[in-house]
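Protein chains: 2
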Amino acid sequence: MAKRSNAKVTTHDVAKRAGVSQPTVSLVLSRNPKARVAEGTRERVIQAATELGYRPNLLARGLVRRKSFSLGLIVPDLKDPFFADVASGAERVASDEGFALLLCDRRGNGSLRHIEALRGRQIDGVIIDAAAAAALPAGALDGLDVVLIDQPDGAWPGVASDAESAGRLAAEHLLGLGHRRFAFMGPAADVHTFRMRERGFVKALRAAGLGLEASLLRRGPATVTGGMESMRALNALSAPERPTAVFCANDLMALGAHKQCATQGVRVPADLSLVGCDDIEMARLVTPELTTVSVPAREIGARAARLLVDPRTVGGVATPRSRMLPVKLVVRGSTAPQQAR
Amino acid sequence: MAKRSNAKVTTHDVAKRAGVSQPTVSLVLSRNPKARVAEGTRERVIQAATELGYRPNLLARGLVRRKSFSLGLIVPDLKDPFFADVASGAERVASDEGFALLLCDRRGNGSLRHIEALRGRQIDGVIIDAAAAAALPAGALDGLDVVLIDQPDGAWPGVASDAESAGRLAAEHLLGLGHRRFAFMGPAADVHTFRMRERGFVKALRAAGLGLEASLLRRGPATVTGGMESMRALNALSAPERPTAVFCANDLMALGAHKQCATQGVRVPADLSLVGCDDIEMARLVTPELTTVSVPAREIGARAARLLVDPRTVGGVATPRSRMLPVKLVVRGSTAPQQAR
DNA sequence: TTGTAAGCGTTATCAT
DNA sequence: ATGATAACGCTTACAA
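So the protein sequences, as listed, match chains A and B.
Positions 1 to 341 (the numbering used here) are the ones given, in order, by the first sequence.
Positions 1 to 341 (the numbering used here) are the ones given, in order, by the second sequence.
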């Protein structure tokens, strides 16, 4: 008969009930391989444990094993669907492997403070977005197992998508549709992924003998608002100067641009083709649906967590130079062949 | 000179350096009020601690204090913007109060398994969505400090929005626009919030002498897909049977319905007025923008966390019967006066 | 194979 | 005011 009182059941309780010593209980219940314990004892212990509803105290275990079986995750903003996906993927892996995921949203407190809190909890590793890591004072991550989100190289290992290809795919798609006058919108911040998306886009244009004028390179935050403002600026250009196709650093910006066009009566894709990047769920909900480059956000989160959880890769030893995750162009309704004007 | 080696600094190290005993260090560094320690000693300890870069081990502290300073958060799906908001609000409060937030996504593993994992980590409380709590076997939450998301009454305290008013506001808005033929779409699941939104809507219609025919009550999951399917069913009705206004259990459904109308060429709001509920960011990105009832998701998460963090309310003692959080109608472009047909 | 003893890094209860 | 000493619940040698 299962007893389920509030008082926590410890290995001592189980030991007493099974008529063995406390460490024997520990041996049976926790240690996997070299637990050489008599079959009879083992059974009695296990039965006693289940009868009492024993549940190991992971704090105590962590204290002695010097491992907390928990991961920190620092994201710029949980409301950004891209990072919600990353979190979802990381949570899945962590949970499957018996790790807790300690969530930190930079919108609330600065990442430095989060890092300190995570240290105190003896986390086994931390997943952090590249922008936050870059903004941290030197040494803030010393002694921590770190995996960066969507940044392949740098001081720490990272899990990344093939951002340069993303930009190239967008450019090639638009070039194939006959466009010749392009704009790009994205943040100026030194975030690897955005930089590479931009670079891939520009390189592909160059390869086609085209360039990107300064007035058609709009700098702004990679948010809905940033997209709206950048789009407004583009729409304010005189007709001949205006681009016929725009690539946005991410879908949030693209959706902002999309909305701005709707507001101002600019027809997408008739007047303007729009390409985003990430393929968040929202991209399919607007009309016309957003053409975008799909990035496996959930998989990025999952792999990041796996790097920190897998005993073969922790500690930076034998960290496989993580190959980039492939991206894929998803053609929807926001792009169309260029019309003669 | 700050020393920042990898070896963790303990109270023993600090004690040695400050020339005091280890418990004295603890007294100075942790205990707040009744720490009666000489000013000189205190200063030496603090200086030694900063010099060594001491950081308390929260696992050890938790073990003896029998408190982990951590909260569990169980959500059905982080990608649902409503719950991303809840998480964001909860994280903010938790972080501010020195608590960690352990994130659990039910999409991954079942909530029972998550509960068990959280128990092992000695969490001080758990925030869980009402649907998950309802699906749990009896006793699964015994001995835990629980706060339900968006469910005011029941076995555990909850933080909720005024869901019945939400439904009423939607109905009154549509009635005021002259609509007389209504539909509702929402899940059949026994989730309090959705039930109350529906009830408030139906009651307000009744008060106006109107009812809701069975064919105009569409059951489906509160997701984008659910909204699309329900909308398709409504659009399949013969013209006279078709509603002129639809209230959706949440914005995800409403956006699905919105999209479905766009796909099928049903004009919103000319042919059909659409009202959602929650006011997620996405609601402003579609065209026409979605009229909806704004629900303070972030505040719900924040209050839930505060209930578990505030020493005055933990343990179920003196839990203030949390008054409902107010909701607000936000009129946008998806609703319009009923046209003569 | 199993029990004894020690220790993980704290906090808490005493003496002093 | 401060220092021994003993937990907290567990893992890990090391003995027996």
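Ideal placement from N, C-alpha and C gives every residue a C-beta, glycine not left out.
At what residues does the alpha helix (DSSP H) containing residue i begin and finish?
{"i": "B/Arg267", "result": "Counting along the chain, B/Arg267 falls outside any alpha helix (DSSP H), and DSSP gives it neither H nor E."}
{"i": "A/Gly40", "result": "Glu39 to Leu52"}
{"i": "B/Val25", "result": "Gln22 to Leu29"}
{"i": "B/Gly200", "result": "His192 to Ala207"}
{"i": "B/Asp129", "result": "No alpha helix (DSSP H) contains B/Asp129, which is instead part of the beta strand (DSSP E) from Gly125 to Asp129."}
{"i": "B/Ala117", "result": "Ser111 to Gly120"}
{"i": "A/Leu59", "result": "Leu58 to Arg65"}
Out of curiosity, what's the CA-to-CA distance linking residue i and residue j?
{"i": "B/Ala38", "j": "B/Gly62", "result": "27 angstroms"}
{"i": "A/Met231", "j": "B/Lys79", "result": "27 angstroms"}
{"i": "A/Arg332", "j": "A/Ala283", "result": "9 angstroms"}
{"i": "A/Thr313", "j": "A/Arg303", "result": "11 angstroms"}
{"i": "A/Asp310", "j": "A/Gly125", "result": "11 angstroms"}
{"i": "A/Arg253", "j": "B/Leu325", "result": "Looking at the sequence shown, residue 253 of chain A is not Arg but Met. When rounded, the distance between both Cα atoms is 32 angstroms."}
{"i": "B/Pro76", "j": "B/Arg44", "result": "50 angstroms"}
{"i": "B/Ala163", "j": "B/Asp150", "result": "9 angstroms"}
{"i": "A/Ala48", "j": "B/Leu73", "result": "31 angstroms"}
{"i": "A/Gly158", "j": "B/Ala132", "result": "34 angstroms"}
{"i": "A/Val147", "j": "A/Leu71", "result": "11 angstroms"}
{"i": "B/Leu210", "j": "B/Pro137", "result": "40 angstroms"}
{"i": "A/Ala233", "j": "A/Phe247", "result": "15 angstroms"}
Provide the residue span of the beta strand (DSSP E) that contains residue i, from first to last.
{"i": "B/Asp278", "result": "Ser273 to Asp278"}
{"i": "A/Met282", "result": "Run containing A/Met282: none; DSSP gives neither H nor E here."}
{"i": "B/Asp105", "result": "Ala100 to Asp105"}
{"i": "A/Met231", "result": "A/Met231 -> not in any beta strand (DSSP E); alpha helix (DSSP H) instead, spanning Val224 to Asn235."}
{"i": "A/Gly167", "result": "No beta strand (DSSP E) contains A/Gly167, which is instead part of the alpha helix (DSSP H) from Ala163 to Gly176."}
{"i": "B/Arg218", "result": "Leu217 to Arg219"}
{"i": "A/Ala18", "result": "Run containing A/Ala18: none in the beta strand (DSSP E); it sits in the alpha helix (DSSP H), Thr11 to Ala18."}
{"i": "A/Ala188", "result": "No beta strand (DSSP E) contains A/Ala188, which DSSP labels as neither H nor E."}
{"i": "B/Val246", "result": "Ala245 to Cys248"}
For residue i, decide whether its Cβ has a neighbour in chain A, counting only Cβ atoms nearer than 8 angstroms.
{"i": "B/Met282", "result": "yes"}
{"i": "B/Glu299", "result": "no"}
{"i": "B/Val224", "result": "yes"}
{"i": "B/Asn57", "result": "yes"}
{"i": "B/Gly265", "result": "no"}
{"i": "B/Pro81", "result": "yes"}
{"i": "B/Cys248", "result": "no"}
{"i": "B/His114", "result": "yes"}
{"i": "B/Leu52", "result": "no"}
{"i": "B/Arg107", "result": "yes"}
{"i": "B/Leu29", "result": "no"}
{"i": "B/Ala133", "result": "no"}
{"i": "B/Gly62", "result": "yes"}
{"i": "B/Leu136", "result": "no"}
Please classify residue i: is it buried, with 16 or more other beta-carbons within 10 angstroms of its beta-carbon, or exposed?
{"i": "A/Val345", "result": "This structure does not reach residue 345 of chain A, given that chain A is present from 1 up to 341, and the question cannot be answered."}
{"i": "A/Asp251", "result": "buried"}
{"i": "B/Thr193", "result": "buried"}
{"i": "A/Thr11", "result": "buried"}
{"i": "A/Glu229", "result": "buried"}
{"i": "A/Ala2", "result": "Model confidence at A/Ala2 stands at a pLDDT of 39, short of 50, so the residue's coordinates are unreliable; what they give is reported in the following sentence. A/Ala2 is exposed by the Cβ-count criterion."}
{"i": "A/Glu213", "result": "exposed"}
{"i": "B/Thr292", "result": "buried"}
{"i": "A/Arg4", "result": "Residue placement at A/Arg4 cannot be trusted, given a pLDDT of 48 that sits under 50; what the coordinates show is reported in the next sentence. Per the 10 Å Cβ criterion, exposed."}
{"i": "A/Gly139", "result": "exposed"}
Could you tell me if the beta carbon of residue i falls within a distance shorter than 7 angstroms of some heavy atom in the ligand FMN?
{"i": "B/Met185", "result": "Within the structure as shown, the ligand FMN is missing, as the structure has no ligands at all."}
Taking 8 angstroms as the CB-CB cut-off, is residue i touching chain B?
{"i": "A/His270", "result": "Sequence inspection shows Ala at residue 270 of chain A; the His mentioned does not correspond to that position. No, A/Ala270 lies away from the interface with chain B (no Cβ there is under 8 angstroms from its Cβ)."}
{"i": "A/Asp13", "result": "no"}
{"i": "A/Val286", "result": "yes"}
{"i": "A/Asp190", "result": "no"}
{"i": "A/Arg119", "result": "yes"}
{"i": "A/Glu91", "result": "yes"}
{"i": "A/Gln122", "result": "yes"}
{"i": "A/Cys104", "result": "yes"}
{"i": "A/Ala84", "result": "yes"}
{"i": "A/Ala100", "result": "yes"}
Tell me, please, which residues DSSP counts as bridged to residue i.
{"i": "B/Ser294", "result": "B/Asp278 and B/Lys328"}
{"i": "B/Ser70", "result": "B/Ala100"}
{"i": "B/Val147", "result": "B/Ile127"}
{"i": "A/Val93", "result": "Its beta-bridge partners do not exist; DSSP assigns none."}
{"i": "B/Gly158", "result": "B/Leu148"}
{"i": "A/Gly75", "result": "Note that residue 75 of chain A corresponds to Val in the displayed sequence, not to Gly. For A/Val75, which the question treats as bridged, DSSP gives the partners A/Asp105."}
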